[in-house]
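Trainee:
2 protein chains.
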Amino acid sequence: MKPMQILVIGGVAAGASFAARARRLSESAQITVIERGPDVSFANCGLPYHIGGEIPVRDVLAVQTPASLKALLNVDVRVRTEAMQIDRENRRVLVRDVQSGQSEWLNYDKLMLAPGAAPRVPDLPGIGDARVFTLRNLADMDKIAAAANAGMRAVVVGAGFIGLEMAEQLHHKGLTVEVVQIGAQVLPQIDAKLALLLENELVHHDIKLHLNDQVVRFDGQGDALHCQLASGKTLEADFVVLSIGVEPETRLAKDAGLTLGARGHIVVNDFMQTSDATIYAAGDAVETRDRVFGQPVNVPLGGPANRQGRVAADHIFMPEKARPYPGSMATAIVRVFGVAAGSTGWTEDRLQKAGRDYRAVTVNDYQHATYFPGAMPLTLKILWDTQTGELLGGQAAGHDGVDKRLDVLATAIAGKLTVEDLAHLELAYAPPFGSAKDIVNLAGFAACNQRDGLVETVTELPVDASVQIIDVRGKPVADANPVPGTVNIPMPTLRANLERLDKSRPVVTLCAMGKNSYFASRVLKQHGFDVKSLDGGVKMLLNTRNPAKM
Amino acid sequence: MKPMQILVIGGVAAGASFAARARRLSESAQITVIERGPDVSFANCGLPYHIGGEIPVRDVLAVQTPASLKALLNVDVRVRTEAMQIDRENRRVLVRDVQSGQSEWLNYDKLMLAPGAAPRVPDLPGIGDARVFTLRNLADMDKIAAAANAGMRAVVVGAGFIGLEMAEQLHHKGLTVEVVQIGAQVLPQIDAKLALLLENELVHHDIKLHLNDQVVRFDGQGDALHCQLASGKTLEADFVVLSIGVEPETRLAKDAGLTLGARGHIVVNDFMQTSDATIYAAGDAVETRDRVFGQPVNVPLGGPANRQGRVAADHIFMPEKARPYPGSMATAIVRVFGVAAGSTGWTEDRLQKAGRDYRAVTVNDYQHATYFPGAMPLTLKILWDTQTGELLGGQAAGHDGVDKRLDVLATAIAGKLTVEDLAHLELAYAPPFGSAKDIVNLAGFAACNQRDGLVETVTELPVDASVQIIDVRGKPVADANPVPGTVNIPMPTLRANLERLDKSRPVVTLCAMGKNSYFASRVLKQHGFDVKSLDGGVKMLLNTRNPAKM
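Each protein sequence line maps, in turn, to chains A and B. Reading the first sequence from the start, the letters are residues 0 to 549 in numbering that gives the first Met the number 0. Reading the second sequence from the start, the letters are residues 0 to 549 in numbering that gives the first Met the number 0.
1. So, is the C-beta of E200(A) closer than 8 Å to a C-beta in chain B?
2. Specify, as a first and last residue, the run of the alpha helix (DSSP H) that K192(B) falls within.
3. Tell me the DSSP secondary structure of T492(B) in three-state form.
4. Given a threshold of 16 other Cβ atoms within 10 Å of its Cβ, counted over all protein chains shown, does N148(B) qualify as buried or as exposed?
5. Closer than 8 Å by beta-carbon distance: list the chain B residues that pair up with V333(A), in chain order.
6. Under 9 Å between beta-carbons, which chain B residues line up against Q4(A)? List them in chain order, please.
7. Is any beta-carbon of chain B found at less than 8 Å from that of G301(A)?
8. Helix, strand or coil for H398(B), going by three-state DSSP, please let me know.
9. Leaving out the 5 sequence neighbours to the left and right, which residues in its chain are closer than 6 Å to A158(B) when beta-carbon positions are compared?
10. Check S516(B) in the structure and name its three-state DSSP category.
11. Identify whether E498(A) lies in helix, strand or coil by the three-state DSSP scheme.
12. Evaluate V176(A) with the Cβ neighbour count: other Cβ atoms within 10 Å of its Cβ, from every protein chain shown; 16 or more gives buried, anything less gives exposed.
13. Who are the near neighbours of A368(A) in its chain, counting only those whose CB is closer than 6 Å to its CB and skipping five residues on each side?
14. Measure the Cβ-Cβ separation of E389(B) and T343(B) and say whether it is below 8 Å.
15. Would you mind listing the beta strand (DSSP E) stretches within the segment 144–189 of chain A that are 3+ residues and don't spill past its ends, in chain order?
16. Which value, in whole angstroms, describes the spacing of the CA atoms of F270(A) and Q4(A)?
17. Where does S16(B) fall in DSSP's three states?
18. Can you name the residues of chain A whose CB is closer than 9 Å to the CB of S532(B)?
19. How would you list, in chain order, the residues of chain B whose beta-carbon sits under 9 Å from the beta-carbon of G45(A)?
20. For my contact list, N297(A) and H264(A) are in at a C-beta cut-off of 8 Å; report their separation, rounded to the angstrom.
21. Judging by CA-CA distance, which residue of G260(B), G282(B), Y107(B) and G473(B) is the nearest neighbour of A13(B)?
22. Taking Cβ-Cβ distances below 7 Å as the criterion, which residues of the segment 73–93 of chain A are in contact with chain B?
23. Which one or two residues does DSSP pair with K207(B) in a beta bridge?
24. With 8 Å as the threshold, decide whether the Cβ of A54(B) is near any Cβ in chain A.
25. What is the DSSP secondary structure of D212(B), counted as helix, strand or coil?
26. Please compile the residues from chain A whose C-beta is within a distance smaller than 8 Å of the C-beta of D283(B).
27. Which residues mark the beginning and the end of the beta strand (DSSP E) in which D384(A) is found?
28. Exposed or buried, W104(B), counting other C-beta atoms within 10 Å across all chains shown (16 or more means buried)?
29. Would you list the residues sitting across from E235(A) in a DSSP beta bridge?
30. In chain B, which residues lie less than 7 Å from Y365(A) when you measure between Cβ atoms?
31. The segment 406–420 of chain B: which residues have C-beta closer than 9 Å to a C-beta of chain A, in chain order?
32. Counting only beta-carbon atoms, is T378(A) nearer than 8 Å to chain B?
33. Closest to Y517(A) by CA distance: which of M317(A), N199(A), P124(A) and A446(A) is it?
34. Below 8 Å on the Cβ atoms is my contact criterion, and I expect A146(B) with V7(B) to pass it. Report the Cβ-Cβ distance as a whole number of Å.
35. Give me the chain B residues within the contact set of L60(A), using Cβ-Cβ distance strictly less than 8 Å, ordered along the chain.
36. Looking only at C-alpha atoms, which of G535(B), I278(B), L68(B) and F528(B) sits nearest to V362(B)?
Shown next, in the form of structure tokens:
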């Protein structure tokens, strides 16, 4: 029998995973990987960290070579080779050697498209300046690393995951860094209040944030590149890193007539087959299903890409045993100096815009037992379906243990767990690692309290003067960090001071972290007050946003 | 209406959580907590760490006092008060002031029994020596802390969670520590191979382990306490800490005629009601349901205790909204110096003894991207139902990220996730926090490979000389740490060396961590060999056990 010809376009995350899994499943298949760039299977998520010097040795990011993949997997890898055209009828792809310009047709029985996504580059005056960089591959990394020296000024445009990592790493290398972000917050992948911690951490490291702003023009002025912002400000930089998102590389798929989604991604079924059943696609360029609600979604992240490649290979070589890709939930995390924040599933912003029926709660606690050395604050927000109680999304921000809680919530979403289930998760507890009631349990408790009508919450302080706002923090804390318009009645004295409150007027209780104000609201509610508790406490008020931000 | 009288016996984890939740649900109830000891609501899991000095300030372990609980919760706490007898007919409890000896009857409408469990003390000659300690409360802690000084010799009897924590902390304080353990491994709550890391870490810190041994007699010999072991060895110590398990404190319940379980725990329903519906029980003394298989189980840990107290209070004050306690899965973790290990759900040892139909796989990887600084080895073992693929248990051991993986697996068990679901968990990935394919995904992949018949595994090397054992590690590694009776054919050279192998004889492949030997087994299987891969690699062979252990 003629061996099956497998052709793979793109040799990084999805393409490399696909090729490796294909070889495990078939020793006889002829597997060829075409990669436009000079490198395959490199560690693209590590690029910022080599630029900043945290990963000092470049080689660790480029462990595999065509030769090593040949030895390990018996896969033929052709780098610096671009796929030009798919001839679906004859099942062949025209490829071109980037250096020699020579082209040839390669046959396939099954084709895998893993072209990835390219950094978005806006059409702005001056965008072509050689000092405006984007970061996708090792060559990009080398360029930025060569350009970036301690003492220089860098402007990072875009404060998503890569923008924040670049800002951190350039600062780590000794540069002065400014960040320009089109929206009102950094990391729009999480809700604004959770992003506060990241913003404060950036400012704490003297990184200037220009929120609600954008570059409208780059002007090369001698040694300096001037970034003209919409606000009228001009930032001077030695170079700029653009990180405002990615665009799927789908020209090849489009030209071949494969079905694309509303936003231009390659449409695939649950086994990663495109509209042509002999052509699979995986990774940043494809549109799969949202794991929570099922609608089409593109999640350009490494984890989904790797697992999609695996699903496709299973479907080709053992279709009777292959399991469908279950969809993506956009679990992601970023570290910014000493803090981290991330999200899984849907954010409140997204649920709101989609008109979903959800509820939310934010809780503050610590990553482990407070009495154990090193306890640091941690914030957790969860969102759930009002009717079923099922978790729809979760976010965490803090110094330590953020990744753990995101992973628990991601697993809970995969299991369709409810807030009641979160309350009763039995997580690993010893003082160095957690609490007898972990913050995930606390979030579950708080959600159940909402569901059971034990508490009503507000997320901002009322401006209506008829509302009595009761600050139940201890007096020294309240005095040191007063909230205007409140009356301080520390929680332990509340029951003895009920007569100071007017039962005919609504009450909002607040405290530092949201727990004591819930306790206070229970006391007041049972004494007949119309009372709401400030969700997440003073800590979560957006007006605590650091005024040093610009 | 007469306020409801709530009486609580025991004021630590379950009792205190119950009282607090009861107060949130009812401002009018009269809540009284009876505690035999001098302290309430103290941090019992922190006790070893104050003895060792890692938690330097004692006060952080005893934050609540009767006065603070009165102020915060309007709960009457009576410390140094012992419950002597329950008069169920008249709904009252006879309590005795431990100091004055005076007693009185306290009425209840609902009674909560949260008596906890006491350290097991074996009936051995010399057991009454004042230098033999157990650790349950702050008073015990103070005694040990007062007795333990740097330079002394301590013997810890029992290598469960508390024994290991005590060994670590006494070493931390500068003592010479020996550990006596009745079984063949430390921490019988996990499988032997996972416990290796803990054992090696103890030995690395010059803590002598006496496995398969036990104390048969204590002899006070002047300044030294001689611990006579069954093996004939005598250990000299300045003091001994006994940590060989706990016994539920159920005399009160038993005398009152409440139903006890086969092993003497208080039987409760899913709402924590005992056989007397007006009497609830929670915490270390009760028998609830196993969350995996549903049979009666006692899990004496802080997390379950706290949540059980909450369930009981909900059932009393809002029975229509109360949710049943879902059972316990015995999630637990221990840190021993620089490493940690733990378990959730069922271990292989337990599944085997129960005759369950399960399968298991052990994978080795790192806690985060290998190219990111600080990557440390991590081992994960999962067990699943052969028929359904549902996760039955999981264990982890390593330097960092152990708690995270246990929490993910515990959440997966709660969600009845299968190994396929584990393969497709979308966990938070950035290089400082994880890998694009997290070790949990890898375990899912490996389990699916078993299920799909892609690989067969062995957990020990065959002794049958007809089996060809192929070591596919690189030559330098294999030369440095050879495995007797193997032939070294590095993975990248395997395809070129197939003719060196005899297809008529079975093959076992091995590598360092279990991954390359799986790859090799796929190559060989497809070339017609009868091949099995060594699960978890050389790292998991029990004969790698450190010979310095005694």
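All C-beta atoms in this analysis are idealised placements derived from N, C-alpha and C, irrespective of residue type, glycine included.
Mentor: In short, the structure shows the following:
1. Looking up residue 200(A) in the first sequence gives position 201. It does not: the Cβ of E200(A) has no partner Cβ on chain B nearer than 8 Å.
2. Translated into the one-based positions of the second sequence, residue 192(B) becomes position 193. Per DSSP, K192(B) is one residue of the alpha helix (DSSP H) stretching across A191 to H203.
3. Here residue 492(B) is taken as the residue at index 493 of the second sequence, counted from 1. Three-state DSSP puts T492(B) in a helix.
4. Against the second sequence, residue 148(B) aligns to sequence position 149. N148(B) should be labelled exposed.
5. Along the first sequence, one-based indexing puts residue 333(A) at 334. Within chain B, the residues near V333(A) are A429.
6. Position 5 of the first sequence, counted from the first residue, corresponds to residue 4(A). The contacting residues do not exist; Q4(A) stays about 18 Å from chain B at best.
7. Counting from one through the first sequence, the residue named residue 301(A) turns up at place 302. With 8 Å as the cut-off, G301(A) counts as an interface residue toward chain B.
8. Here residue 398(B) is taken as the residue at index 399 of the second sequence, counted from 1. Three-state result, H398(B): coil.
9. Here residue 158(B) corresponds to residue number 159 of the second sequence, with the count starting at 1. The answer, listed in chain order, is V178, Q180 and V185.
10. Your numbering for residue 516(B) matches position 517 in the second sequence. Here S516(B) sits in helix by DSSP.
11. Taking the first residue of the first sequence as 1, we reach residue 498(A) at position 499. Helix, per DSSP.
12. As a working note, residue 176(A) is residue 177 in the first sequence. Answer is buried; the Cβ neighbour count reaches 16.
13. Residue mapping note: residue 368(A) aligns to position 369 of the first sequence, counting from 1. Closer than 6 Å at the Cβ level, and outside the excluded window around A368(A), lie P430 and S434.
14. Looking up residue 389(B) in the second sequence gives position 390. Looking up residue 343(B) in the second sequence gives position 344. With a cutoff of 8 Å on beta-carbon distance, E389(B) and T343(B) are scored as not near each other.
15. 152–156 and 175–179
16. Taking the first residue of the first sequence as position 1, residue 270(A) is located at position 271. Taking the first residue of the first sequence as position 1, residue 4(A) is located at position 5. Rounded to whole angstroms, F270(A) to Q4(A) spans 19 Å at the Cα level.
17. Along the second sequence, one-based indexing puts residue 16(B) at 17. Residue state, collapsed to three classes: helix.
18. Residue mapping note: residue 532(B) aligns to position 533 of the second sequence, counting from 1. By Cβ distance, chain A contributes nothing, its closest Cβ being about 12 Å from S532(B), past 9 Å.
19. Residue numbering aside, residue 45(A) sits at position 46 when the first sequence is read from its first letter. What G45(A) touches in chain B: A368, Y370, F371 and P430.
20. Within the first sequence, the letter at position 298 stands for residue 297(A). Within the first sequence, the letter at position 265 stands for residue 264(A). About 5 Å; that satisfies the 8 Å criterion.
21. For the purposes of this step, residue 13(B) is taken as the residue at position 14 of the second sequence. For A13(B), the nearest C-alpha among the options comes from G282(B).
22. N73
23. Residue mapping note: residue 207(B) aligns to position 208 of the second sequence, counting from 1. In the DSSP output, where bridge partners are listed per residue, K207(B) has E177(B).
24. The sequence position of residue 54(B) within the second sequence is 55, counting from 1. First, the residue type needs correcting, since residue 54(B) is Ile and not Ala in the sequence shown. Judged by the 8 Å Cβ criterion, I54(B) is in contact with chain A.
25. Taking the first residue of the second sequence as 1, we reach residue 212(B) at position 213. Residue state, collapsed to three classes: coil.
26. Numbered from 1 along the second sequence, position 284 holds the residue referred to as residue 283(B). Result: empty, since nearest Cβ-Cβ is about 12 Å, beyond 8 Å.
27. Translated into the one-based positions of the first sequence, residue 384(A) becomes position 385. DSSP places D384(A) inside the beta strand (DSSP E), whose first and last residues are P376 to D384.
28. The residue you call residue 104(B) lines up with position 105 of the second sequence. The residue in question, W104(B), is exposed, as its Cβ has fewer than 16 Cβ neighbours within 10 Å.
29. Stepping through the first sequence from its first residue, residue 235(A) is reached at position 236. The partner list for E235(A) (beta bridge, DSSP) reads H225(A).
30. Walking along the first sequence from the start, residue 365(A) turns up at place 366. Here the premise fails: no neighbours, minimum Cβ distance about 12 Å.
31. D406, V407, L408, A409, T410, A411, I412, A413, G414, K415, L416, E419 and D420
32. Within the first sequence, residue 378(A) is the residue found at index 379, counting from 1. T378(A) does not count as touching chain B.
33. As a working mapping, residue 517(A) is identified with position 518 in the first sequence. Here the closest residue by C-alpha is A446(A).
34. On the second sequence, residue 146(B) is found 147 positions in, with the first residue counted as 1. On the second sequence, residue 7(B) is found 8 positions in, with the first residue counted as 1. No, A146(B) and V7(B) are not in contact; Cβ-Cβ is about 33 Å, not under 8 Å.
35. Locating residue 60(A) in the first sequence gives position 61, counting from the first residue. Those within 8 Å of L60(A) in chain B are Y370.
36. Taking the second sequence and counting its residues from 1, the one referred to as residue 362(B) is at position 363. Per the Cα distances, G535(B).
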